[in-house]
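These notes are about the structure you will find just below.
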Amino acid sequence: MVLVYSDNKKLTFELLSKGSELAKDLGKKSTALIIGKNDDLLANEYISYGADNVFVAESDIDSFKAEEYAEILEKVINETGKDTILIGSNKNGKELASRLAGKLNAGCIVDCTNIYLKDNKITTERVVYSGNAISVEQFNSKPRILTISSKVFEPLKKDANRKGEIVKKKIETGKSSSKILKIKEAVTEDVNVEDADIIVSCGRGFKNKGDIKLANELADVLKGRTIGCSRPIAADLKWMSEDHWIGLSGHKVKPKLYIATGISGQIQHIAGMRDSGVIVAINKDPDALIFKSADYGIVGDLYEVLPKLTSAIKDKMS
Amino acid sequence: MNIIVCAKQVVDASEIKIDSSSNKPILEGIPKKISDIDKNALEEAIKIKEKHNGKITVVTVGSADAKERIKELLAMGADEGVLIPYPDKYDYHIVSTLLAEAIKKIGEYDIILCGEASTDLFSGQIGPKIAGLLDISQITYAQSVNAEKDKVTAERNMGEKSVTSESSYPVLITVTKEINEPRLPSLMQILGAANKPINEWDIESLVVGLEPKIKTVELKGVSMDRKNIVFENNLDDSVGKLVDNLAKDGVLG
Ligand SMILES: Cc1cc2nc3c(=O)[nH]c(=O)nc-3n(C[C@H](O)[C@H](O)[C@H](O)COP(=O)(O)OP(=O)(O)OC[C@H]3O[C@@H](n4cnc5c(N)ncnc54)[C@H](O)[C@@H]3O)c2cc1C
Ligand SMILES: Nc1ncnc2c1ncn2[C@@H]1O[C@H](COP(=O)(O)O)[C@@H](O)[C@H]1O
Numbered sequence: 001m002v003l004v005y006s007d008n009k010k011l012t013f014e015l016l017s018k019g020s021e022l023a024k025d026l027g028k029k030s031t032a033l034i035i036g037k038n039d040d041l042l043a044n045e046y047i048s049y050g051a052d053n054v055f056v057a058e059s060d061i062d063s064f065k066a067e068e069y070a071e072i073l074e075k076v077i078n079e080t081g082k083d084t085i086l087i088g089s090n091k092n093g094k095e096l097a098s099r100l101a102g103k104l105n106a107g108c109i110v111d112c113t114n115i116y117l118k119d120n121k122i123t124t125e126r127v128v129y130s131g132n133a134i135s136v137e138q139f140n141s142k143p144r145i146l147t148i149s150s151k152v153f154e155p156l157k158k159d160a161n162r163k164g165e166i167v168k169k170k171i172e173t174g175k176s177s178s179k180i181l182k183i184k185e186a187v188t189e190d191v192n193v194e195d196a197d198i199i200v201s202c203g204r205g206f207k208n209k210g211d212i213k214l215a216n217e218l219a220d221v222l223k224g225r226t227i228g229c230s231r232p233i234a235a236d237l238k239w240m241s242e243d244h245w246i247g248l249s250g251h252k253v254k255p256k257l258y259i260a261t262g263i264s265g266q267i268q269h270i271a272g273m274r275d276s277g278v279i280v281a282i283n284k285d286p287d288a289l290i291f292k293s294a295d296y297g298i299v300g301d302l303y304e305v306l307p308k309l310t311s312a313i314k315d316k317m318s
Numbered sequence: 319m320n321i322i323v324c325a326k327q328v329v330d331a332s333e334i335k336i337d338s339s340s341n342k343p344i345l346e347g348i349p350k351k352i353s354d355i356d357k358n359a360l361e362e363a364i365k366i367k368e369k370h371n372g373k374i375t376v377v378t379v380g381s382a383d384a385k386e387r388i389k390e391l392l393a394m395g396a397d398e399g400v401l402i403p404y405p406d407k408y409d410y411h412i413v414s415t416l417l418a419e420a421i422k423k424i425g426e427y428d429i430i431l432c433g434e435a436s437t438d439l440f441s442g443q444i445g446p447k448i449a450g451l452l453d454i455s456q457i458t459y460a461q462s463v464n465a466e467k468d469k470v471t472a473e474r475n476m477g478e479k480s481v482t483s484e485s486s487y488p489v490l491i492t493v494t495k496e497i498n499e500p501r502l503p504s505l506m507q508i509l510g511a512a513n514k515p516i517n518e519w520d521i522e523s524l525v526v527g528l529e530p531k532i533k534t535v536e537l538k539g540v541s542m543d544r545k546n547i548v549f550e551n552n553l554d555d556s557v558g559k560l561v562d563n564l565a566k567d568g569v570l571g
């Protein structure tokens, strides 16, 4: 009944945990999908993380294209009769799920933050209106397509004794009329803001890339330190890699302490950090929106405030 | 070149308050606007038109007051607007089907532009869904677009990498906020927009028998209560008080 797919292995583990639970509650089976080359090692890993079966859709496609992948999924769904499709909600997964929903005339709910059975119906929750509300939704029809981001569900504990069937089938697709010309890997700094305990976050109030060191110095005296940033710092100015980006379109974080410096506090930024423990804002504009979303605020120039705050915290902690 | 831009009217999410007794977001009486990134989509359409000539049509599925919003887009540089009302019950399936049917009715198109996601619901679903319904190629998250006579190349922001893709026409492209800076219309353009056509198409002329695939069971408000203590005066004093409070709250390590 449940088909699980993501091009990200860890995310697939997380989806399998929820997918196999749903399948079990409904007395059905879960299947993990692998697209591309046959990979027994990976297939067995999926089984050890909860998949009842694995379907390998063998294909020569070398890189992801939504047009071709959606066609493969459509064929796999026809072949297996699966009616509940869980797809990992990264950028590839989202455009794949949406296109597939178009092709199948199916209902699709993206970025579910919770999935459960209510009156024996698959029920989802997702965040809407930039974090101001949660929409609880149900499907009226099948197939149902759902996408889920990373870290929403915990993977099951790996159990190498789990058994399952691996089915392989060659799936042919037409050629899409789009073509990939170039792939440029961005430099990531491998920070993990989602797991950080304390985040010092930088916005456009910083005048130069080099000045970010002021935030780094503050982060250094705090334990569990990580630097985050608003969208323009990552997306427009590219002063920091995208793994620092916090907000509606970036990472969702909930550290125990979030210090927003030179960030205006637009709702799309708040959407990513509103679940933080204590929120501190430093902004030179007394009317900045960010103060409405903060526990504590200092009205002042970050170039003066940050060095003072760093040394005061250093004193306090020693 | 014929370009279609899908633009959505949204409530300004930053103005939403939560009703504390019912714990529901209050959505009535909130100012409405064109979803931010849809203006980037239109701006890109205008740039393409400046290069290749042609026609830009904006299509909106929305309530009657969306007509005012479409006028803003006509002032920016779109040539014609199409407004389709929301049916009594609707979901993503219905909206995307209506948009796809309207696009078919417009008939000639090379490029369909959408925003990467709408600012109220932030799904990023409609663009690829339309591409799937029309069975045309799609390029999502474009942060730059170069339209040539018979093909388009775009650089896509895929987070940890940037992917340059190429497609022949027709193609559906979704754009990011960073792709451009939407222009502000001049007074002349605002006045001129009054003469541009806005066609109101009824649902039945496009498709019959549409049923939603998704039912919204409940909308729960999420309020955020914060202490809002702001220190404004002497800086050393402010810093001292902040550090004391943080220590008291036990968040310093
Ligand atoms: C669909 C959509 C999704 C989005 N997603 C995100 C997202 O995920 N994350 C995100 O962050 N944004 C997102 N945005 C953008 C968001 O709306 C804001 O534009 C952005 O958050 C603003 O970034 P900022 O606060 O750094 O810059 P600005 O808004 O320019 O604010 C800079 C602030 O710094 C202050 N300042 C200036 N100089 C100093 C100084 N010397 N000392 C102290 N303070 C100073 C100013 O008073 C101002 O308040 C999104 C927008 C849209 C439409
Ligand atoms: N009601 C609508 N009318 C016209 N275009 C829409 C509508 N809803 C969504 N879109 C388009 O689809 C994009 C993505 O929206 P969403 O899937 O809601 O995130 C938007 O940026 C618009 O370009």
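In the order they appear, the protein sequences are chains A and B.
For the first sequence, position 281 (counting from the first letter as 1) is numbered 281 according to my numbering, and the numbering increases by one without interruption.
In my numbering, each residue carries its 1-based index in the second sequence increased by 318.
The beta carbon of each residue, even a glycine, is placed where N, CA and C say it ideally should be.
Exposed or buried, residue i, counting other C-beta atoms within 10 Å across all chains shown (16 or more means buried)?
i: residue 289(B); result: What is shown of chain B runs 319 to 571, which leaves residue 289(B) out entirely.
i: residue 132(A); result: buried
i: residue 14(A); result: buried
i: residue 183(A); result: exposed
i: residue 434(B); result: buried
i: residue 188(A); result: exposed
i: residue 500(B); result: buried
i: residue 320(A); result: Because chain A here runs from 1 to 318, residue 320(A) falls outside it and cannot be looked at.
i: residue 104(A); result: buried
i: residue 192(A); result: exposed
i: residue 515(B); result: exposed
Quick check: the Cα distance between residue i and residue j, rounded to an integer number of angstroms?
i: residue 110(A); j: residue 169(A); result: 28 Å
i: residue 308(A); j: residue 240(A); result: 24 Å
i: residue 529(B); j: residue 542(B); result: 36 Å
i: residue 256(A); j: residue 563(B); result: 14 Å
i: residue 332(B); j: residue 267(A); result: 6 Å
i: residue 550(B); j: residue 181(A); result: 53 Å
i: residue 96(A); j: residue 77(A); result: 14 Å
i: residue 469(B); j: residue 249(A); result: 29 Å
i: residue 87(A); j: residue 143(A); result: 13 Å
i: residue 61(A); j: residue 462(B); result: 26 Å
i: residue 313(A); j: residue 287(A); result: 26 Å
i: residue 265(A); j: residue 84(A); result: 38 Å
i: residue 355(B); j: residue 460(B); result: 12 Å
i: residue 292(A); j: residue 206(A); result: 21 Å
i: residue 158(A); j: residue 254(A); result: 27 Å
i: residue 269(A); j: residue 65(A); result: 30 Å
i: residue 538(B); j: residue 486(B); result: 44 Å
In chain B, which residues lie less than 9 Å from residue i when you measure between Cβ atoms?
i: residue 295(A); result: 544, 545, 546, 547, 563 and 567
i: residue 184(A); result: 473, 479, 480, 481 and 482
i: residue 235(A); result: 461, 475, 494, 495 and 496
Nearest CA to the CA of residue i: which residue from the options?
i: residue 512(B); options: 329(B), 431(B) and 391(B); result: 391(B)
i: residue 534(B); options: 322(B), 333(B), 361(B) and 407(B); result: 407(B)
i: residue 271(A); options: 262(A), 146(A), 298(A) and 230(A); result: 230(A)
i: residue 374(B); options: 380(B), 381(B), 383(B) and 393(B); result: 393(B)
i: residue 546(B); options: 199(A), 211(A), 297(A) and 203(A); result: 297(A)
i: residue 418(B); options: 399(B), 398(B) and 379(B); result: 379(B)
i: residue 114(A); options: 57(A), 30(A) and 19(A); result: 19(A)
i: residue 138(A); options: 145(A), 121(A) and 63(A); result: 121(A)
i: residue 348(B); options: 329(B), 364(B) and 471(B); result: 329(B)
i: residue 301(A); options: 238(A), 275(A) and 211(A); result: 211(A)
i: residue 306(A); options: 102(A), 281(A) and 285(A); result: 281(A)
i: residue 502(B); options: 544(B), 367(B), 389(B) and 466(B); result: 389(B)
i: residue 175(A); options: 26(A), 63(A) and 22(A); result: 63(A)
i: residue 155(A); options: 12(A), 2(A) and 316(A); result: 12(A)
Quick check: is any heavy atom of ligand 4 less than 6 Å from the C-beta of residue i?
i: residue 266(A); result: Questions concerning ligand 4 fall outside what the structure shown contains, since the ligands it does hold are ligand 1 and ligand 2.
Given that residue i touches chain B, what residues does it touch there, using C-beta distances under 7 Å?
i: residue 318(A); result: By Cβ distance, chain B contributes nothing, its closest Cβ being about 11 Å from residue 318(A), past 7 Å.
i: residue 291(A); result: 546 and 548
Residue i versus chain A: which residues are under 8 Å apart at the beta carbon?
i: residue 476(B); result: 91 and 92
Could you work out which residues of chain A lie near residue i, taking near to mean beta carbons separated by less than 7 Å?
i: residue 343(B); result: 129, 132 and 133
In chain B, which residues lie less than 8 Å from residue i when you measure between Cβ atoms?
i: residue 256(A); result: 569
i: residue 88(A); result: In chain order: nothing, as chain B lies at least about 13 Å away.
(request) For the stretch 75-95 of chain A and the stretch 3-19 of chain A, state whether three or more C-beta atom pairs, one from each stretch, are separated by less than 8 Å. (result) Contact between the stretch 75-95 of chain A and the stretch 3-19 of chain A is present, because at least three Cβ pairs lie under 8 Å.
(message) Using 8 Å as the cut-off, can you tell me whether the stretch 480-488 of chain B makes contact with the stretch 220-238 of chain A, which would need three or more C-beta pairs spanning the two stretches below that distance?
(response) No: the two stretches stay apart, fewer than three of their Cβ pairs being nearer than 8 Å.
(request) Spell out a yes or no on whether the stretch 323-332 of chain B and the stretch 352-367 of chain B are touching, meaning 3 or more CB-CB pairs, one atom from each, closer than 8 Å. (result) Yes: at least three Cβ pairs fall under 8 Å.
(message) Between the stretch 119-137 of chain A and the stretch 437-446 of chain B, can you find at least three pairs of beta-carbon atoms closer than 8 Å?
(response) Look at the beta carbons and you see the stretch 437-446 of chain B touching the stretch 119-137 of chain A: at least three pairs across the two are nearer than 8 Å.
(message) Count Cβ pairs between the stretch 142-158 of chain A and the stretch 449-461 of chain B that sit closer than 8 Å; are there 3 or more?
(response) With the rule of 3 Cβ pairs closer than 8 Å, the stretch 142-158 of chain A does not count as touching the stretch 449-461 of chain B.
(message) Can you confirm whether the stretch 39-46 of chain A touches the stretch 67-75 of chain A when touching is taken to mean that 3 or more C-beta pairs between the two stretches lie within less than 8 Å?
(response) With the cut-off at 8 Å, the stretch 67-75 of chain A and the stretch 39-46 of chain A do not touch.
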